[in-house]
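This report refers to the structure that appears directly beneath it.
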Amino acid sequence: MWTNNVVVNQTYCTHHAENCWASIAGKGWIKIKTGNSDGVTNTFILLSAAKANGRNASVYIVDNLIERAYLL
Numbered sequence: 018m019w020t021n022n023v024v025v026n027q028t029y030c031t032h033h034a035e036n037c038w039a040s041i042a043g044k045g046w047i048k049i050k051t052g053n054s055d056g057v058t059n060t061f062i063l064l065s066a067a068k069a070n071g072r073n074a075s076v077y078i079v080d081n082l083i084e085r086a087y088l089l
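Residue numbers (our numbering): 18 to 89.
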């Protein structure tokens, strides 16, 4: 389900493979869906850019995992 025009409060990752998270306003902490290292990295970078630049994003959440996102 798309959650549109949301604020990214924080992002978090560790040195472990594909372990990236984002805190989305009104949703809490949500993990970025694993299974493709480049996809996890790209989504994390997009969400971090939203946070760093004060921009909103839209995220597609399935089974409480961020599957895709775009920057507004």
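Every residue, glycine too, gets a C-beta built ideally from N, C-alpha and C.
V76 is a Cβ neighbour of A86, given a cutoff of 7 Å.
For the pair G43 and L82, the Cα-to-Cα distance works out to about 15 Å. Rounded to the nearest whole angstrom, the CA to CA distance from N26 to E84 is 18 Å. Three or more beta-carbon pairs separated by less than 8 Å link the region 20-37 to the region 45-56, which places the two stretches in contact.
Counting the other Cβ atoms within 10 Å of the Cβ of I41 gives 16 or more, which makes it buried.
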